[in-house]
Each structure stands twice: as structure tokens, then as C-alpha cells.
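Step one of this worksheet: look at the structure below.
Protein chains in written order, with my numbering: chain A, 1 to 388; chain B, 1 to 377.
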């Protein structure tokens, strides 16, 4: 048993943000039916890896929505769905005749989720965006930089993950409201607003911001940052908040400078942060990151390697023990690796329902089984290029 | 408009700063979120930044951000009377959010089988690192986020904002509402086990995916996005996010009209894969052209042509963004004690049948009486 057993989601989403929302729903047991198009961005193998992680456990239908017969199929599926979701720019679903008002006429308690860049209203509602442009607008790109350095920002579309994960919360809340009241609703998720809502306390301070590099954003800490270790591109993150943690670090490092009076108090360590960073970095530079991490953690000091993809997926015993990455069998007899849900439920676990689908893999299953189209009707639609 | 989507759900929030966002999200959705503070106040009240830089328990912007919309109850849980009251509150709660050591809620969950307990810990309830310590930065490092942020010749960079804590808070809220759903069927609560490290790993994009499918280790490469379709460049008066997706032909026509398209009008560039491979040449050419324009001219001109450009700007620019203003994203919140009205960031998403609630952060113990009366009678 899973929490969303019996919930059906009609999923028009593409790229990353929308699929992140619907993969969470699929992990929780919802039946997610993806409506796909040809010639969209290609991330490689659809079964596993990035695509498989985005589309895990979903069904795929390829429908030509430029053909009225295709739109009619989509409408019939919407009438049988609890949630209809897309992440196009604002006007696309209206142009297709799949806007909330139309969907509500087909199914009065439908939950319609529109994940646009800027929202369904306002002067920028038709602006186009991707994750990197939204991160730039919300301040992340400029302020994620070395002190006095040029912008760096995230190396990926964090905004898509933030908006996608929040989108799943929106769907769950709307489903809860429907269970209690019988009412569906429209969720208008502006991905700019979603990622702006996560900037943090700095948004309440009307002060000129400037990049702070890797300084603490959760109160005074010193040392606090990343320190280069022995080997190619090996770094260790270290955080010292308390006197006990400083004592632990001093024990492990055991250099004369750890006994200097100027570093004895938190205020002193923060005041002399640059010098402390330099001394600590000189000490870590000749040491193996994993060894220092274990020694510091054994002494009660927060420390962790700056994990690259291999550290994360192949070398981290903790994520492995949680079953964070899973191997999934494909219908072709392959085994692919996929990320699983990052949270664990003790009684009704979320889990990966299956690999990513091939394009149009479930056309017969969905159109035959759910809509009751005969083999003859499906063949005719296929020959006309409406489905694949 | 009716109350929030989670109206009637009772949440007891015992979380420290690492899990504070979960309760804030549930409060925004309309749940009654009661924060239990020690008599001296929650440690978050002592965290900077402070309003006008003056440190005081009711002036911490950190507390304001994470605890807006919650109710505050003061309990001395070290005393037997306080502990007994906490027990009685737990008995009335649907959801409890906590950030204590792994395994610390086993007895509590056994005593309250209908309770949903969301636990946020550095590494999760089980596994070899379960007793290790963390911080937002350590979690971003070990979760795989930091390695790909930053310039190739510089250090890995942490995020703006406590994004490890934020992702953990979102997953805790997702897990808690999912567990409430399950309880409707099973009659049982359950344990939602959130790991800061795993939450960060659950907010990655290319890093694990390309390891799984191709054994690739992606490195940081400055502002050049891993897809190679985005890069930041300097123009006349600031920084702008350039993009080679969207209406490519329209971008090249614009550059041509300025006589600066170089070889970008070669039809070969219509191929997305070639644009990816040739990213450095394309962005160098585009930046040379863009130097004549201001950020506003570039972003407005691009959006008119359906090209996704954006200004690279500080977060406070959000406060003056006409789009956010038109939608009322920031909500004015009165702080009567300070004689202030402060714009608070509002809903991460809008729901047309249920209200997102933004309310003033509570004074220490402001709701002790009301909650003890309302929850315990």
C-alpha cells in the first residue's frame, strides 16, 4: 500500500521541473500518464540515468496535440484523471483548449497544476524561462561567488528541483483539501516565486547584498568553509559552531596554532577567519579528505567531503545504506540505475515503481485499457500520425 | 475563500533551524503549527541577521523568516510539569516535526500510534553515518551540490540560503502530508525519515544521472550551465544570462541587424547539438555583440523575440520586480512592537480555492494560553 494509490495524474510536463513533481507522485503510488511530443531535449537513455530518474515509474503516450483528434484523446484522459499538470509557458494549455475552465467542465473536482516560469497573471506571464534564468532573477547567480568575485551560481538548474519538489507539496495539499471538501482547484505555481521563496532571511533585510563565498549563513562559525586536500580536486567542508567542536578540531589537527589565544573564543575565530582558513587549508592540503573527515567526525566536528558524482553514487556508504540509488530491471532485460525517493516512510514506503518509459511505450495499455479504444481505432490513429 | 488546504491539521514543531522550514510550509498551507520554545526562547531568536543590526529575541530576521505563521508556546520541558504538558500536546497533534538524535522518538511513536513523526537529521535514522554531525554547508558538500558550483579554477561554492535545510524541510512536509493520507486508510501514523544529505542528493540534476548512465563525473565550469545552453556575460551596465535555446533565428537576426552576427547565421547552428558543442564560440560572439546594450535592453528585447534571457541581479531586486508586485508575492506584515511593516516573501505557489497564510512571527510564548486552552481544553 502507498499513500497515493488510486490517484491518476495526467502529466504534460517536460524538461526537468514538472517531471520532478510527478516523479514524487509516482513514487507515492499515483498512476502518472505522460503525454509526450517528439523532438524535445534529449538526455540520453530513457530507462535509467538522468531521464530514468526524472521519469521513473511513469507511463508514456506520444500524442500529436496539433491534431484535433490528439487533443480529443487528451480531453478524454483528463476526464478520468484526478490531477492534470503541465509546465509550459502560460498560454500553451489555453491555446490547446486544455485550460482549467475546460478541464473543470470535464471533471468538476479536477486539480489542475500550471507550473509556469512567472505565473498565470502579471505583465511577465508570457515570458519564457529556464532554471538558469530564474536563478539569476532571484539573486542566486550573483551572490554565489567568491568574495569580490564574478558571478558563479549553481552549476545546474536548482530552480527546477526547488519548484518541482514544492510542486509535489502543492499537489498533496490540494488532494488533501479535495478529500476533506470534495473540491478541486487550480494551482498556479510560478517557478520564479517558488525559488524566490527559498532565498531565506536575507530577503527580509533591505541591505545591499554582496557575495560571501563559503561563510556561514546560520550564525557565527569558524572555521567554516571548504579546504583543499591531497589529490586532484579533493575538498573537505568543515564547520565549527561551538567551543566543544573547536576543541575537537584542535585535538585532531594538533598544531601549535590551534592553541593560540586569538582562536580561543568564537569571536576570535570569526574575527581571524581568514588567517584560520589559511592555516587549516595548509594542514589539510597534504592529507586525504576521507581520513580527515572520519577523524573530525570521531572528534564531534561537522565535516564532509565535497562529493563528486562518483563519491556520491559509488563510494558513499551512508546513501547506499539508505537505498538512495536503486537498480531497476527494464522490460528488455537490462538493469539501470536510478535515484530513489530521498525521504523514507516507515509504514507505507515511497519507492521507485519502475524504470523510465520508452517514448509511447504505453499507448496500447492506456488507450485500450483506460479509454477502451479498439485495436482498429488505435491502428487508424497511428496511421494518421495522431499517436505512435 | 475558505481556510488553507491543511486547515484542521495540528502540527507540533520541535525542530531546530535544520528543520524549521517544514513547519513554516505546513503553516502556510493552513495547518495549526505550534512551536514549542524553552523559557529563554528558541536558539533561532539569537541568530543573525537582525533588524537594523540590533541583536534581540524579537528582531532576528532568521527567526522571522523561518517561524512566521507559527504559534509559540513556552514550556520548560526539563520540569515534570512542562514535560507532562508536552505529552498532552503530543497526544492532540497529527504531526510532530523534530530534529533530535536518530532513534529518539521510538518510545513516543509507540505511545502515539496515530501520530505522524517527521524527523530531520544530518544523515538519517539508520546507516554508518547516522550519528555524524552536519551543517548546511557539510550537507551541501556531501549531498553532491557544491562540487559543481563555482569557477573551474576556484573552490566549490555553497548555495545562497540554507538550501540543504530547505530541501529537507520540503521533503519532510511532502512526507508528512503523504503519511496523513496513508493514515486515512490504515488508521496508523508513521515515521518520516529525512536526511539532510539525501535531501540535497534529491535536489540534483545531472550529477547522479550521468554517473549512472555513462560513468561521467561533471566538474564545475563557472556560469556555463551543464547543458551548455546558458552562460553569464557582462554587458553595458551589468551581468546578463545569455541563452542559446528559444528562438535562435530571432537572436541571430537581431545580431545581424547590428552587423555583429559573425558566422552565427550559418544554418548549421540551427542544430541544437552543434550549438551545445560550439557553446564557447557562440557565447564569446554573443558577448562581444551584447556589450553595446544594457541589461534591460537585452532582456526585454530577447523576451519580445521569445528568447529566455534574464538579468543577473541581487535578491533585493525581487522587492521591486513588477511581476511579483502585480501578483502580490510580498506580503506586508506588521510588527507593532517595532512600529514596522515589513514585506515578507509569500506563497511558493498559489491555490485558487485555499489561501496561503503569511502571518507575523510569534512573540516568545505569545500563544501559550490559547494553545493550552484550545488543544487541551
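The C-beta atom is built at its ideal place from N, Cα and C for all residues, glycine as well.
One thing to note: residue 10/A has its Cβ no nearer than 9 Å to the Cβ of residue 371/A.
In this structure, the straight-line span from the alpha carbon of residue 5/B to that of residue 110/B is close to 29 Å. Look at residue 25/A here: in three-state DSSP terms it is helix. Neighbours of residue 128/B across chain A, judged by C-beta separation under 8 Å: 317, 318, 321. At least 9 Å separates the beta-carbon of residue 286/B from that of residue 346/B.
Considering only 69/A, 87/A, 106/A, the residue with the shortest C-alpha distance to residue 78/A is 106/A. In terms of beta-carbon proximity, residue 347/A lines the interface with chain B, with at least one pair separated by less than 9 Å. A straight line joining the alpha-carbon of residue 46/B with that of residue 55/B spans about 7 Å.
If only complete runs of 3 or more residues are kept, the region 233-257 of chain B shows the beta strand (DSSP E) at 238-243, in order along the chain. Under DSSP, residue 322/A shares a beta bridge with no residue. Distance from the CA atom of residue 350/B to the CA atom of residue 356/B, rounded to whole angstroms, is 7 Å. Restricting attention to 57/B, 94/B, 116/B, the CA atom closest to the CA of residue 346/A is found in 116/B. With the criterion set as a beta carbon lying under 8 Å from some beta carbon of chain B, the members of the region 336-369 of chain A are 336, 337, 338, 339, 341, 342, 343, 344, 345, 346, 347, 348, 350, in sequence order. For residue 24/B, the enclosing alpha helix (DSSP H) stretches over residues 20-28. Along the length of the region 21-99 of chain A, whole alpha helix (DSSP H) runs at least 4 residues long occupy 49-55, 68-78, 91-95, reported in chain order. Using a Cβ-Cβ cut-off of 9 Å, residue 179/A is close to 181, 184 of chain B, given in chain order. The beta carbon of residue 102/A lies closer than 8 Å to those of 75 in the same chain, with the five residues before and after it left out. Under the rule that a run must span 4 or more residues, the alpha helix (DSSP H) segments found entirely inside the region 294-334 of chain B read 295-304, 322-327. Residue 126/B sits in coil when the DSSP states are folded into three classes, being neither helix nor strand. Annotation for residue 167/B: no beta strand (DSSP E) segment contains it, though the alpha helix (DSSP H) segment containing it runs 163-186. In the structure shown, residue 368/A falls within a helical segment according to DSSP collapsed to helix, strand and coil. Interface annotation, residue 134/A: in contact with chain B, CB-CB separation under 9 Å. Straight across, the Cα-Cα distance linking residue 305/A with residue 293/A is about 7 Å.
When secondary structure is reduced to three states using DSSP, residue 138/A falls in the coil class, being assigned neither helix nor strand. When DSSP states are grouped into helix, strand and coil, residue 107/B belongs to the helix group. Near chain A, meaning a CB-to-CB distance below 7 Å, the residues of the region 51-76 of chain B are 61, 62, 64, 65.
In this structure, residue 209/A and residue 57/B do not form a Cβ contact; the two beta carbons are roughly 25 Å apart against a cut-off of 8 Å. Residue state for residue 44/B is assigned as helix, using DSSP reduced to three classes. Contact between residue 246/B and residue 128/A holds: CB atoms are separated by about 6 Å, below the 8 Å threshold.
No Cβ of chain A is located within less than 9 Å of the beta carbon of residue 97/B. Secondary-structure assignment with DSSP links residue 112/A through a beta bridge to 84/A, 186/A.
In the structure shown, residue 214/B adopts helical secondary structure according to DSSP, grouped into three states.
For residue 281/B, the enclosing alpha helix (DSSP H) stretches over residues 279-290. When rounded, the separation of the alpha-carbon atoms in residue 150/B and residue 158/A is 14 Å. Put simply, the CB of residue 81/A is far from chain B, with every gap to its CB atoms at 9 Å or more. Listed along the chain, the chain A residues whose CB falls inside 8 Å of the CB of residue 243/B are 130, 132, 133.
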